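The structure under discussion appears below in the form of structure tokens.
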Amino acid sequence: MNALVKRNGRFTEADLDDEIVVMRLDNGEFFSLSGTSAAIWRLIDGSRDRRALVAALTADYGAEESEIAADVDALLVQLRDTGLLADD
Amino acid sequence: MSSVALQQGSHSPAPTVAQTLMQRETRVTYGEVPKALSGEPIGETSWQLQGDRFLLRGEGHHYFHYRKGHGITVERGPDADLSEESLWLNGSVYSAIASLNGLVPIHASAVAHGGRVFAFSAPAAGGKSTLAAALAGYGLPLFCDDTLVLDLSDPDQVLCLPGHKRLKLRPDAIELTGATPEEPVSKAVDKYYASPAAGDVGVALPIAELIFLEEGPNLEIEPINGAQRMVRLRGDHPAADLFAAAQHFDRAAHFAHLHRLASQIKMARLERPRDRSRFTESVALAAQYVVNGGQR
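Residue numbers (the working numbering), protein chains in the order written: chain A, 13 to 100; chain B, 20 to 315.
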């Protein structure tokens, strides 16, 4: 699978408390990522595909791989829908 | 209005650079002003901002022009409502001058406690002046009414400039708060200038907290965390639009600005019923929160 890549020119982001706040530059829409979602976002660095992302999170959280995979898939769909993540 | 000295000693602290700047830049002279800054002649009760200049037109032919470094020029046409002049000068004109000089106006009334500022933000007629005035009953002096100007020149803290506006209250709010009524604000506004019972503060102080007033069935104060703090700031007030326009913000720069404010300003929401019979209770809750230094 291809590595997951953020569309870096399309957003700006900042940490605030325990959240990552992301804003789309084209329309000013805000997104807030916390907990697992924030961890997934941080791990999308252009070097990992979905499988590597799930493996890294499973190791970090000590949770069932299936649970982590479900969280990852749900967020990846949202990120693609909002244009923050490049299509495969 | 009387001033309450917050520090011991016979000398008041010297004004900050920002206070001196605002005193200098808000000097008023009278004369002719341009009627447009950006092509189209300006319409009534609207403003234009271009480069380092700001133009506002009140009702009729009543114009206010500011240019950075040159102060304010007011042109009074024959139909100008002079009773409104100080409202324009202390309202949009003051906010624009602050904005053009890098100071951030926000829509809030505030009190001081422990050398810090507790500010209350709400939409127009949302009760922020009334609450700030009522907190005088707990010995909390007024810091500002309606507009709080923030100085961000120190990267480590957000400093607040003491209020430039006199307290304005509706007749029912005067009765509720125990403030002393003075003259009417203008012909068109059913408010009176008033002296806050615990005096006011004339020195710049760091902000402690920004508390958003909300109407609801409960009486409670809850913290606002994370992205919600940026969202709250973004929805502030026309003053926020003035600052963004004056700073020529693109979206990324505006985001960075909101992030800095949200990172350095603790925020909470105060929910309260807009029920006169529970007003005293809601003031007591706010006072307890302030006196406890922002702890519930």
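Each residue gets a CB set at the ideal place from its N, CA and C atoms; glycine is no exception. From a predicted model like this one, the values you see are computed outputs, not experimental measurements.
>> Given a cut-off of 7 angstroms on the beta-carbon distance, is the pair I125 of chain B and L167 of chain B in contact?
In response: yes
> What residues of chain B sit near A86 of chain A, judged by a beta carbon separation below 9 angstroms?
Replying inline: By Cβ distance, chain B contributes nothing, its closest Cβ being about 19 angstroms from A86 of chain A, past 9 angstroms.
> Can the beta-carbon of E228 of chain B be found less than 7 angstroms from the beta-carbon of Y212 of chain B?
Replying inline: no
> Taking the runs of the alpha helix (DSSP H) that are 4 residues or longer, which of them lie wholly in the stretch 188–256 of chain B?
Replying inline: 190–196 and 246–253
>> Quick check on this structure: which residue in A:F23, A:N20, A:R22 and A:L28 has the alpha carbon closest to the alpha carbon of M249 of chain B?
In response: A:L28
> Counting only beta-carbon atoms, is D29 of chain A nearer than 7 angstroms to chain B?
Replying inline: yes
>> Give me the subset of the stretch 199–226 of chain B whose CB atoms are less than 8 angstroms from a CB atom of chain A, sorted by chain position.
In response: none
>> Give me the chain A residues within the contact set of R270 of chain B, using Cβ-Cβ distance strictly less than 9 angstroms, ordered along the chain.
In response: T24, M35, R36, L37, D38, N39 and G40
> Roughly how many whole angstroms lie between the Cα atoms of G156 of chain B and L97 of chain A?
Replying inline: 55 angstroms
>> Check whether chain A comes within 7 angstroms of N244 of chain B, counting only Cβ atoms and requiring the distance to be less than that.
In response: yes
>> Quick check: the Cα distance between A306 of chain B and E241 of chain B, rounded to an integer number of angstroms?
In response: 15 angstroms
>> Please report the straight-line C-alpha distance between H80 of chain B and V47 of chain B, rounded to a whole angstrom.
In response: 17 angstroms
>> My output table needs one value for D85 of chain A: the three-state DSSP class, helix, strand or coil.
In response: helix
>> By the DSSP assignment, the beta strand (DSSP E) with T48 of chain B in it spans what residues?
In response: V47 to Y49
>> Below 8 angstroms on C-beta distance, what does V250 of chain B contact in chain A?
In response: F42
> DSSP on S44 of chain A, reduced to helix/strand/coil?
Replying inline: strand
>> Between V123 of chain B and Y85 of chain B, how many whole angstroms is the CB-CB distance? I'm expecting something under 8 angstroms.
In response: In fact, because the Cβ distance is near 17 angstroms, the residues do not count as touching under 8 angstroms.
> What does S49 of chain A reach in chain B if we use C-beta pairs closer than 7 angstroms?
Replying inline: Under the 7 angstroms cutoff, chain B gives no residues; its nearest Cβ is about 12 angstroms from S49 of chain A.
>> Please report the distance separating the alpha-carbon of A86 of chain A from that of T92 of chain B.
In response: 59 angstroms
> Would a check of beta-carbon distances place F137 of chain B closer than 7 angstroms to chain A?
Replying inline: no
> Who are the neighbours of A129 of chain B on chain A, taking C-beta pairs under 7 angstroms?
Replying inline: Correct list: empty, because the minimum Cβ distance to chain A is about 23 angstroms.
>> So, at 7 angstroms on beta carbons, what are the nonlocal neighbours of A50 of chain A in its own chain, with the 5 sequence-adjacent residues on each side left out?
In response: E31 and I32
> Any residues in the stretch 54–67 of chain B with a beta carbon nearer than 9 angstroms to a beta carbon of chain A? Which ones, in chain order?
Replying inline: none
> What are the partner residues of A117 of chain B, as DSSP defines its beta bridges?
Replying inline: Paired residues: none, contrary to the question.
> What is the DSSP secondary structure of S59 of chain A, counted as helix, strand or coil?
Replying inline: coil
> Exposed or buried, what is K206 of chain B when buried is set at 16 or more other beta-carbons lying within 10 Å of its beta-carbon?
Replying inline: exposed
> How many Å lie between E59 of chain B and N39 of chain A at the Cα?
Replying inline: 28 angstroms
>> When you compare the CB of H278 of chain B with every CB in chain A, is at least one pair closer than 7 angstroms?
In response: yes
> In chain order, what residues of the same chain lie with their CB nearer than 7 angstroms to the CB of Q26 of chain B, ignoring the 5 residues before and after it?
Replying inline: The predicted model places Q26 of chain B with a pLDDT of 40, which falls under 50 and marks its position as unreliable, so this point remains unresolved.
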